[in-house]
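Right, one structure below, let's go through it.
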Amino acid sequence: MSRVAVTVVTTSFVVGCVMLACGGESASPVGPVEPDASSSSSGSTGSSGTSGSSGTDASSGGLDGSSGGSDGGDAGTPATRDEKYARAFCEAFDKCGAVLVKIGFGDVATCVTRVKAKAALDLKAPGVTVTDAQLDACLAKIKTLDCSSPAGIAECEFTGSLAADAPCDLDAQCQSGACFKAPSLDGGIQVADCGTCKAKAAPGADCSAAKCGNGYRCVPGNGGPTCVKLGAVTEACSASAPCGGNLSCVGNVCTKPLALGAACTNTLGVAPCDTAAGHYCKALPNQAGTCAAVGYATPPNLCGISVQALSVTQCSNSACSSQIPAGTCVPYAGAGEACGGQGGKTCASPLECKAGKCELVDPARCK
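Using our numbering, the letters of the sequence shown map in sequence onto residues 567 to 933.
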């Protein structure tokens, strides 16, 4: 089988800012938002940038659910704070990472329906003071969201009433707008369920025990991790100076992804197709091709990457058991169902796998 460069966009939905174009480690609509969704991925036989972010980069959160919904992008006019919160999460995700919404939920309507349950818990968390007016401003800003922007959405970064060192789960609980959960390295990896409210690290400062501010990311270095400014379009970049938004570092320059139908080459170091939107380079390695859209399937149909057909098929609202060789779409596990482990199911966002069972986590647990 020919070597195929596969760019994977996971659906761990680790999102700590209101979404995708959000730079650095800020908070999502209400600080949380971290659907545990699927370990399946948006594969691509396409090219990938050498360094930089995919637009789906984010770092903290807490929102996961189950199923339902129609095939469409409009979930209706938000009537409650829970609904507005959920819509902010889902619409931002859909705008700058549509493939994740498709894999994790199927569509925006389903996303809103499922995330509302988590939103209800998050909005009642200790210290959260988000108002309807703030959510309205956040939603309005999402409409004009530029997915290539390295900065997050200021209107969607909320602060709470918890003082420094108070236990927390969500950024929006804290006066500082930052709930630190160690470690906080590049990629937003977290190991702790709960954290503490901490002041954000200053640009260029050590971030081994603090989050970086809007437009910055905690990047490892020889002298320890520091907050590094994310690059904008055409700005210089490197492994130690990543790009923001959906930009990739191509030839040490932050570059936008190629559009659907654009000519592409399945080679590292060249401009990639927009994997966050569900596009891949339909071409053999080192050969010319075009940016094509991935296909979607539902359980129990086949999914994965076909080298012969140069096609990529992802699962809609379900997990793909294997990318190469091809696997099958497997339904997500619901609340109370077994998850994790060898061959275990993935929880439906925004459920999280805790002690082998899928559950909707209440941020009030952190105290």
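No residue lacks a Cβ here, since even glycine has one placed at the ideal position from N, Cα and C. None of the values given here were measured: they were computed from a predicted structure.
Alpha-carbon to alpha-carbon, residue j and residue i
i	j	result
A686	S872	41 Å
A843	S814	14 Å
A802	C778	20 Å
L701	G907	38 Å
T894	L689	37 Å
C820	K795	13 Å
G797	G817	13 Å
S806	N788	10 Å
L917	C830	37 Å
F746	C763	6 Å
S804	V785	11 Å
A664	Q741	32 Å
V662	K822	Just to set this straight, residue 662 is Cys in the shown sequence, not Val. Straight-line Cα distance between these residues: approximately 12 Å.
DSSP bridge partner residues for residue i (one or two, in chain order)
i	result
Y846	A858
E925	E918
C830	G855
G870	T879
P733	T762
Exposure of residue i, with buried meaning 16 or more beta-carbon neighbours within 10 Å
i	result
I890	exposed
G770	exposed
T800	exposed
N812	buried
T710	exposed
R783	buried
N883	buried
D698	exposed
Q880	buried
R931	exposed
G855	buried
For residue i, three-class secondary structure by DSSP
i	result
E721	helix
A664	helix
C913	strand
L728	strand
Y782	strand
K684	helix
G907	coil
A706	helix
T762	strand
C677	helix
A699	helix
F655	helix
D772	strand
G797	strand
Check: residue i C-beta below 6 Å from any heavy atom of the ligand NAD
i	result
G922	This structure does not include the ligand NAD; it has no bound ligands of any sort.
Problem - Sufficient close CB pairs (3 or more, under 8 Å) joining the stretch 648-659 to the stretch 852-869 - result: no
Practice task
State whether the stretch 707-721 contacts the stretch 733-744, with contact taken as three or more CB pairs (one from each stretch) at a distance under 8 Å.
Solution key: no
Problem - the stretch 723-733 touching the stretch 784-793, judged by at least three CB pairs closer than 8 Å - result: no
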